[in-house]
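Chemist: Numbering (our numbering), first residue to last: 998 to 1228.
Each residue gets a CB set at the ideal place from its N, CA and C atoms; glycine is no exception.
Quick one: the structure is below, questions incoming.
Have a look at this one:
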């Protein structure tokens, strides 16, 4: 990676544990602003554990990770919300609040991350819904939306705090092929236009072939940087 590109994630000498089990060891990699990176590897290889560590769900016991200027080693539970304001998180199973409208789902996140001004909150909701191509869906309930629309709302939710990086865990895993392509185009467009880095875990090699980008592979307890080579 060029030294001139601002690094939004720096991982140095990191070991990752699930409880007392070492899952990944001696991780060293960087991701630059606006970079799109795939995280690949077999089921159980450690992809989700790495993502959970990056967004503060798993504590860091060895090494250091810096995300947008925040160091994760020694991060206290009360500091996690501040970390997550720098991140957007997109899950495979959406995790929308099913008893609330799209607008109320987005308001919930804004309030939880410290927003107070009602006019500013409404303006930001309008902006992110426009970005994901659903400007008129704020009154809908999640069950009234298609799978692709729900995932677009999840991406809108991830964008609310203008994150430096989006962490996406199998974001197309529950979608049909055509809808998956639409979601990929959206994520790549956001990466380019907003200079938001994207780290996307996926098993879908057809998507990687269609939208080639840098590959990080979880294998043999390590994360290997394959560049843009798929094999």
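Residue 1152 and residue 1142 look like a contact to me (Cβ under 8 Å); what is the Cβ gap, rounded to whole Å?
Modeler: The count along the chain shown starts at 1 and reaches residue 1152 at position 155. The count along the chain shown starts at 1 and reaches residue 1142 at position 145. That pair is no contact at about 13 Å.
Chemist: Exposed or buried, residue 1148, counting other C-beta atoms within 10 Å across all chains shown (16 or more means buried)?
Modeler: For the purposes of this step, residue 1148 is identified with residue 151 of the chain shown, where counting begins at 1. When all chains shown are included, residue 1148 counts as buried.
Chemist: Which of the three DSSP states, helix, strand or coil, is assigned to residue 1136?
Modeler: Counting from 1 along the chain shown, the entry for residue 1136 is found at position 139. Coil at residue 1136, not helix or strand.
Chemist: Measure the alpha-carbon distance for residue 1003 versus residue 1031 and round it to whole angstroms.
Modeler: Stepping through the chain shown from its first residue, residue 1003 is reached at position 6. Stepping through the chain shown from its first residue, residue 1031 is reached at position 34. Each residue's Cα considered, the two are about 9 Å apart.
Chemist: Using the Cα positions of residue 1222 and residue 1212, report the straight-line distance between them to the nearest angstrom.
Modeler: As a position in the chain shown, residue 1222 is number 225, starting the count at 1. As a position in the chain shown, residue 1212 is number 215, starting the count at 1. Computed Cα separation, rounded: 6 Å.
Chemist: By how many angstroms is the C-alpha of residue 1209 removed from the C-alpha of residue 1108?
Modeler: By one-based count along the chain shown, residue 1108 stands at place 111. By one-based count along the chain shown, residue 1209 stands at place 212. Cα-Cα distance, rounded: 37 Å.
Chemist: Could you tell me which of 1171, 1190, 1098 and 1023 sits nearest to residue 1154, measuring between CA atoms?
Modeler: To locate residue 1154, count along the chain shown from 1; it is residue 157. When only C-alpha atoms are compared, the closest one is 1098.
Chemist: Give the DSSP-derived three-state secondary structure of residue 1088 in the structure shown.
Modeler: Position 91 of the chain shown holds residue 1088. Looking at residue 1088 - three-state DSSP - the assignment turns out to be strand.
Chemist: Taking buried to mean at least 16 other C-beta atoms within 10 Å of its own C-beta, is residue 999 buried or exposed?
Modeler: By one-based count along the chain shown, residue 999 stands at place 2. Low per-residue confidence applies at residue 999: pLDDT is 46, beneath 50, and the placement is therefore not dependable enough to give any value.
Chemist: Have a look at residue 1081 and residue 1052 and give me their C-alpha separation to the nearest angstrom.
Modeler: Position 84 of the chain shown, counting from 1, holds the residue named residue 1081. Position 55 of the chain shown, counting from 1, holds the residue named residue 1052. Computed Cα separation, rounded: 6 Å.
Chemist: Answer yes if the region 1052-1072 comes into contact with the region 1114-1131, meaning at least three C-beta pairs across the two stretches below 8 Å, and no otherwise.
Modeler: no
Chemist: Using the rule of at least 16 other Cβ atoms within 10 Å of the residue's Cβ for burial, across every protein chain shown, is residue 1136 buried or exposed?
Modeler: What you label residue 1136 is simply residue 139 of the chain shown in a count that begins at 1. Under this definition residue 1136 is an exposed residue.
Chemist: Please classify residue 1199: does DSSP put it in a helix, a strand, or coil?
Modeler: As a working note, residue 1199 is residue 202 in the chain shown. Coil, per DSSP.
Chemist: Check whether the region 1187-1200 and the region 1156-1164 touch, using three or more Cβ-Cβ pairs below 8 Å as the test.
Modeler: yes
Chemist: Taking 8 Å as the limit between beta carbons, can you name the residues of its chain near residue 1062, skipping five residues before and five after?
Modeler: Start at 1 with the first residue of the chain shown, and residue 1062 comes out as number 65. For residue 1062, where only same-chain residues beyond five positions count, the Cβ hits under 8 Å are 1006, 1007, 1008, 1009, 1011, 1050, 1051, 1068, 1069 and 1070.
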